[in-house]
Amino acid sequence: MWQISNKKTMKKPAKSNLDLSKGQIIRKDLRRNWIIYLMALPVIAYYLIFHYGPMYGLQIAFKDYSPAGGIWGSPWVGFKHFDSFFNGIYFWRLIRNTVLINVYDLIFGFPAAIILAILLNEIRKMAFKRVVQTISYLPHFISIVVVAGMLFDFLSRNGLINQLIGFFGIEPIDFLKEAGWFRFIFVSSGIWQGIGWGSIIYLAAIANIDPTLYEASKIDGANRWKQIFHITIPGIMPTIVIMFILNMGNLLSVGSEKVLLLYNPLTYETADVISTYVYRKGILEASYGFSAAVGLFNSVISLILIVSANAISKRVSENKLW
2 MWQISNKKTM KKPAKSNLDL SKGQIIRKDL RRNWIIYLMA LPVIAYYLIF
52 HYGPMYGLQI AFKDYSPAGG IWGSPWVGFK HFDSFFNGIY FWRLIRNTVL
102 INVYDLIFGF PAAIILAILL NEIRKMAFKR VVQTISYLPH FISIVVVAGM
152 LFDFLSRNGL INQLIGFFGI EPIDFLKEAG WFRFIFVSSG IWQGIGWGSI
202 IYLAAIANID PTLYEASKID GANRWKQIFH ITIPGIMPTI VIMFILNMGN
252 LLSVGSEKVL LLYNPLTYET ADVISTYVYR KGILEASYGF SAAVGLFNSV
302 ISLILIVSAN AISKRVSENK LW
């Protein structure tokens with residue numbers, strides 16, 4: 002009698018994920034984590050609407066687009082716009098300016114955030130460290146329009162910079178009207194504005210390094226310089242590689258807002274980049290098909306660069322983005 006009642010009360014063992022089909026696993030996961038998926042819906046919707054949805058309009062790069070005819074009503078012209086861009090008089094100037102500005106930013110701006118993070122990590126007085134971090138983070142929250150206004154005030158003929166160099170007998174310089182100064186001003190102001198914010202991710206990576214490694218190195222007689230070169234930098238190298246790959250994808254993408262605020266016809270020779278050219282052709286001249294073709298070319302090259310950088314990194318250092 003006991004054996005019969007015991008059999009009735011025994012429960013069937015729950016099925017493991019190995020016994021479930023793929024669809025059952027997905028449904029089980031949705032029931033268990035539906036709140037998390039609900040929270041992710043706005044982000045997914047944002048990318049679908051504002052990043053993937055507009056890809057439908059890429060076809061106007063191959064059409065002589067007019068708003069009256071619409072996308073489907075505009076005549077197909079194939080690679081006409083691409084041919085006009087590649088053979089245009091501004092093609093090499095645009096490529097040179099865009100690449101040089103980004104290369105200078107990679108050479109000087111990319112290591113700047115790493116160096117600041119390492120220096121902040123070496124500060125032992127927490128109060129001083131917080132002050133330095135706050136001061137370095139603040140420029141990130143300043144609007145680009147405000148930054149451009151500050152640059153105009155500081156770099157004008159009667160501005161602070163010219164007043165300072167005037168003490169040494171140097172004649173005033175129209176920094177923002179001379180093409181030779183534009184890249185230096187653009188890159189250096191970008192470093193000033195982004196160095197503090199960019200150092201956050203490296204500080205987080207440094208915080209994940211095992212403290213026992215530093216303690217063991219002290220026992221072995223390593224000073225702080227050796228600890229930086231043999232423990233800190235190798236410890237954050239995967240993060241550095243990932244950030245470098247992401248930056249490579251932006252090699253042909255310079256933010257048009259800041260350039261538009263700072264440049265003028267006198268500095269086009271060194272300041273005019275692909276994004277500003279697209280703005281002038283698409284918005285000011287209403288050449289929608291041509292500007293779409295230039296933008297598509299820019300996006301394709303950026304994709305090739307980021308995929309190539311990821312493949313090279315995977316083969317050389319085994320660190321990769323995907």
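In my numbering, the protein residues as written are 2 to 323. Where is the CB? At the ideal position from N, CA and C, for every residue including glycine.
Query	Result
Alpha carbon to alpha carbon, how far is Arg28 from Ala118? Give it in angstroms, no decimals.	44 Å
From the DSSP output, which residues share a beta bridge with Lys64?	Trp77
Along the chain, which unbroken stretches of the alpha helix (DSSP H) at least 4 residues long are found entirely within the segment 264-306?	269-272 and 275-280
Could you pull out every residue in the same chain whose Cβ sits closer than 7 Å to the Cβ of Ser190, ignoring the five residues on either side in sequence?	Val148 and Leu152
Looking at the structure shown, is Asp221 part of a helix, part of a strand, or coil, going by DSSP?	coil
For the alpha helix (DSSP H) containing Ser323, name the first residue and the last one.	Looking at the sequence itself, residue 323 is Trp, so the reference to Ser does not match. First-last for Trp323: undefined, no H or E at that position.
Determine whether the beta carbon atoms of Leu59 and Tyr278 lie at a separation below 8 Å.	no
Report buried or exposed for Ser318, applying the criterion of at least 16 other Cβ atoms within 10 angstroms of its Cβ.	exposed
Once you ignore the five residues that flank Ser75 on each side, which residues in its own chain have a CB closer than 8 Å to its CB?	Ile61, Lys64, Asp65, Tyr66, Ser67 and Gly290
Applying the 10 Å Cβ sphere with the 16-neighbour rule, what's the burial state of Ser144?	exposed
Using the beta-carbon count (16 or more within 10 Å), is Leu121 buried or exposed?	buried
Report yes if the C-beta of Asp273 is less than 7 Å from at least one heavy atom of the ligand GDP; otherwise report no.	What this structure holds is no ligand at all, so the ligand GDP is not there to describe.
Any contact of the segment 84-93 with the segment 284-303, i.e. 3+ C-beta pairs under 8 Å?	yes
Since I believe Thr240 is in contact with Ile202 (beta carbons under 8 Å), could you give me their beta-carbon distance rounded to a whole number of angstroms?	6 Å
Could you check where the alpha helix (DSSP H) with Lys23 kicks off and where it finishes?	Lys23 to Arg33
Please confirm whether Ala113 and Ile192 have their CB atoms less than 8 Å apart.	yes
Going by C-alpha distance, which of Ile186, Glu179 and Ser254 is nearest Ser276?	Ser254
Can you tell me whether DSSP reads Leu262 as helix, strand or coil?	helix
Have a look at Met127, Gly160 and Val260 and flag the residue whose alpha-carbon is nearest the alpha-carbon of Phe183.	Val260
Please report the straight-line C-alpha distance between Gly54 and Trp226, rounded to a whole angstrom.	51 Å
Lys8 by DSSP, collapsed to three states: which one?	Because Lys8 carries a pLDDT of 48, less than 50, the predicted location of this residue cannot be relied on, and no value is offered for it.
Spatial neighbours of Gln4 within its chain, please: CB distance less than 6 Å, with the 5 preceding and 5 following residues excluded, ordered by chain position.	With a pLDDT of only 49 at Gln4, under 50, the local geometry of the prediction cannot be trusted, and no value is derived from it.
Should the segment 121-141 be regarded as contacting the segment 194-210, the criterion being three or more beta carbon pairs within less than 8 Å?	yes
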